[in-house]
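Visitor:
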Amino acid sequence: MISLSSSTSYYYHQYNNNNNKNININPDNNKKYYFFNYFNGSFIKGSGSSSSTQLRATTIINQQHSNQKFSDLGSNYFQLIEKGSRYFQLIRRKMTLLTTENHLRRVASLPTLNSGAGKIAKLNAVILGEALASEENDLVFPSDDFSAIANVPSSAKYLEMYKRSVEDPSGFWSDIASEFYWKKKWGDNACSENLDVRKGAVSIEWFKGGITNICYNCLDRNIELGNGDKTALYWEGNDLGVDDKLTYSQLLEKVCQLANYLKDVGVKKGDAVVIYLPMLMELPIAMLACARIGAIHSVVFAGFSAESLSQRIVDCKPKVVLTCNAVKRGAKVIGLKDIVDAALVDSAKNGVSVDVCLTYGNQSALKREDTKWKEGRDIWWQDVVPKYRSTCDVEWVDAEDPLFLLYTSGSTGKPKGVVHTTGGYMVYTATTFKYAFDYKPTDVYWCTADCGWITGHSYVTYGPLLNGASCIVFEGAPTYPDAGRCWDIVDKYNVSIFYTAPTLVRSLMREGSEHVTRYSRKSLRVLGSVGEPINPSAWRWFFNVVGDSRCPISDTWWQTETGGFMITPLPGAWPQKPGSATYPFFGVQPVIVDEKGNEIDGECSGYLCIKHSWPSAFRTLYGDHERYETTYFKPFPGYYFTGDGCRRDKDGYYWLTGRVDDVINVSGHRIGTAEVESALVSHPQCAEAAVVGVEHEVKGQGIYAFVTLVEGVPYSEELRKSLILTVRKQIGAFAAPDKIHWAPGLPKTRSGKIMRRILRKIASRQLDELGDTSTLAEPSVVDQLIALADQ
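Our numbering applies: residue 10 is where the sequence shown begins, and numbers increase by one.
(1) Do three or more CB pairs link the stretch 696-713 to the stretch 510-526 at distances below 8 Å?
(2) Restricting to Cα atoms, I'd like to know which of T440, C200, G615 and V600 is closest to G654.
(3) Residue range of the alpha helix (DSSP H) that S589 falls in?
(4) Apart from the five residues just before and just after V554, which ones in its own chain have a Cβ nearer than 6 Å to its Cβ?
(5) Take G303 as the anchor and find which of K194, T464 and T431 has the nearest alpha-carbon.
(6) With R527 and S505 assumed to form a contact (beta carbons below 8 Å), what rounded beta-carbon distance in angstroms separates them?
(7) Kindly give me the distance between the Cβ atoms of V323 and Y637, rounded to whole angstroms, as I take these residues to be in contact under 8 Å.
(8) Give the secondary structure of V453 by DSSP, where H, G and I count as helix, E and B as strand, and everything else as coil.
(9) Return the residue from the list G219, S156 and A165 that minimises the CA-CA distance to S183.
(10) Going by the beta-carbon positions, is the gap between L267 and Y397 smaller than 9 Å?
(11) Taking contact to mean 3 or more Cβ pairs, one atom from each stretch, closer than 8 Å, check whether the stretch 254-273 and the stretch 290-297 are in contact.
(12) So if DSSP puts V535 in a beta bridge, which residue, or which two residues, is it bridged to?
(13) State the start and end residues of the unbroken alpha helix (DSSP H) segment that holds G433.
(14) Helix or strand or just coil, what does DSSP make of Y631?
(15) Can you list, in chain order, the residues of its chain with a C-beta nearer than 6 Å to that of W550? Leave out the 5 residues immediately preceding and following it.
(16) Cα-Cα, which of R729, V703 and L732 is closest to R774?
(17) What is the DSSP secondary structure of F181, counted as helix, strand or coil?
(18) Any idea what DSSP makes of R398, helix, strand or coil?
(19) Look up A772 in the DSSP assignment and say whether it is helix, strand or coil.
(20) C613 lies in the beta strand (DSSP E); which residues open and close that run?
(21) For V690, which residues of its own chain have a beta-carbon under 8 Å away from its beta-carbon, when the five flanking residues on both sides are left out?
(22) Below 8 Å, can you find three or more Cβ-Cβ pairs linking the stretch 472-490 to the stretch 242-249?
(23) Whose C-beta lies closer than 6 Å to the C-beta of H7 among residues of the same chain, with five residues either side of it excluded?
(24) Indicate, with yes or no, if the ligand MN has a heavy atom lying under 8 Å from the CB of D610.
(25) Please report the distance separating the alpha-carbon of T4 from that of N226.
(26) Determine the direct distance from the alpha carbon of R765 to that of W389, and round the result to whole angstroms.
(27) Would you say S7 and Y444 are within 9 Å of each other, going by their C-beta atoms?
(28) Would you say D252 faces chain C, with C-beta separation under 9 Å as the test?
(29) Apart from the five residues just before and just after A796, which ones in its own chain have a Cβ nearer than 8 Å to its Cβ?
(30) Count the C-beta pairs between the stretch 736-751 and the stretch 710-721 that are closer than 8 Å, then say yes if the count reaches three, no if not.
(31) Strictly by DSSP, which residues pair up with P593?
(32) What first and last residue would you give for the alpha helix (DSSP H) that runs through Q710?
(33) Within this structure, are the beta carbons of P178 and A165 separated by less than 9 Å?
(34) Who are the near neighbours of G493 in its chain, counting only those whose CB is closer than 7 Å to its CB and skipping five residues on each side?
(35) Could you pull the start and end residues of the alpha helix (DSSP H) that C460 belongs to?
(36) Could you tell me the boundaries of the beta strand (DSSP E) in which G702 lies?
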């Protein structure tokens, strides 16, 4: 990869003759100059560093364009439209490697001399514009070797595919959907939608009338393609040396056995099944078994409290609950069956009784004889499931039949049951996985997310298996028995694609790079980030230390509701800006609107909305379509409202600034908490930060920052002032924190999510209103934060 820093000024030059020229540009005063040229069969070659740059270019100018004026190119921007030649694309990419900041894709197109493949324009060499130094202008470029074999090898190829996806969405997605098995194809138009509540009920349909089955496409289809003996799942247990694996054929057999059992106990198409399992292979097996028979699975993260689990059981009324007696996570043993027992007692009081609780006996965590048992309801998985046939007929379903329910956290109010359907979700998750991770059949993929969250649904189970990938399911904690566990797993299985959360990245940063560098990691080629905006300093550490400055990072933005990636880099296609999610995925049309719902063009900040649907869009909230419309479509009629703030820079790159409810209004200034957190974490002695708003008698709201320091760094008043100064410098005085609260750790769920609700209560000193803390990975952190509140 080639990284160019931001202290760059541009000057334009035109050469209006046919002579070859050698051009040396030597920088001064910390400015760096880049010269680029586009011509037949050649391109600029250059070298540079953060302090100096020397570029040499051989310039060949075509006489036809010799009189073209700088102004004809359209202000300060320069764009070339490709005409379909692979060779042309290669040269464009070479130019892109040396083109930085905001002069990549804008305004004017320059014509080709001749039509047809292999004919390109011989263009004047131009250096355009001037860019001010700023963090958003830092670019990291893919290497030549990576881009040469990438699924989307250039920005031009992306633009070509994206253009078709928004101009002809039905044709674009129909072509991709045809790569999967359909018992019956859909009609002439793949998509039907209404996102405008003023025109009637909101509705989204993709591939309506098409008949398929996602389990068949994950397993049977791949076996038919010759992948039966390929490893589908590698399982890595909590303890070192405890592991297992399943081929696609073996996985299908286990899925069929469970599917046959579920049918035998009365589960049929359209019935709900609640799955409360840890990261054992039985979790994706259970999801696939439900899908095979047309049942609707509702996976509940095995860390939610009995009360939260009961709420979900009462809402979806399952025929069966699938669970495990206990799980080891790190040095802890967590009794899951006890939680399920309490939840079932509570749900029965609320009118929903469950007759079957199928329990997997996890002997490494808890012996059978030590597990509480209710005869007649509780059944040991290992006693019954292996006795069933290892083949099971497929229940063919309509593309719009529900596949699963996934509930949002429900930190306040009733949890929302997001409904995803079969066909569109299948096509979209498979496609996003393929392109966003540049997936190749030889890759070994690891996503650290739990299947209790949407990331685990889309990018642990369905997306990888639909592509015939080999993926890892990890039971344990990423820092157990030490902070090198992730990289031990990477080396053990030769992981080539590693997808994780910024929270884990920052946590590992804090532990020190030596835990990373003592492992090879030579198999890695693509990294990924999910769950929240990744701050630039964490991005660079991830890129430079974990990826050895050679692995592009797919910094993905999406939601439980979207089903799959919405804004994401495509490795090999675009230069990346640390902290930016880059550009929209195929078919996604993001817009930024103001408070009145007016679309804002160009460089701007505002509310992120999506215009038009995409295949994996959620269809409703279970049993509450009115809430679905009110929450997501009434705020800005005609759009899907994401609830996120967003900034689009002068290059069109998208920067997610956090949830709208994580925007603090300080003296009339709207400040995204993610921006302040990013500034704090850029301080060399700050490992992690979380920012919330608190009531302020003068400003309306003040900025309250919880700060975790790098290991070994002591708290001090000098450091507090230094952190505040860092924010003032990076954002402005208006964004300076009013309070720095020293934090030994932050309250997080086991999936790595920071529970900001708790932080707001602590900041406001509402200590008797902390609410449910049962999902915290380390509940003791709350007491530590309270104890340090006045320091």
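Built from N, CA and C at the ideal position, the CB exists for glycine as well. On a predicted model such as this, the values are computed, not experimentally measured, just so you know.
Guide: Taking the structure as given:
(1) yes
(2) G615
(3) Note, S589: premise wrong, no alpha helix (DSSP H); not H, not E.
(4) S522 and V525
(5) T431
(6) Not a contact, Cβ separation roughly 20 Å.
(7) About 19 Å separates the two Cβ atoms, so there is no contact after all.
(8) strand
(9) G219
(10) yes
(11) yes
(12) I506
(13) G432 to A445
(14) coil
(15) M518
(16) V703
(17) helix
(18) coil
(19) helix
(20) C613 to I619
(21) R515, N544, S546, A547, A696, E697 and A698
(22) yes
(23) Missing from the structure shown is residue 7; the chain here goes from 10 to 800 and no further.
(24) Of ligands this structure carries none, so the ligand MN is not represented either.
(25) The chain is shown from 10 up to 800; residue 4 falls before or after that span and cannot be answered.
(26) 38 Å
(27) Because the chain in this structure spans residues 10 to 800, residue 7 falls outside the shown range and cannot be described.
(28) Protein chains in the displayed structure number just one, and chain C is not present.
(29) none
(30) yes
(31) I576
(32) From DSSP, Q710 is part of no alpha helix (DSSP H) but of the beta strand (DSSP E) over G709 to L718.
(33) no
(34) H524, R527 and Y528
(35) Element bounds for C460: n/a, residue is neither H nor E.
(36) C695 to H705
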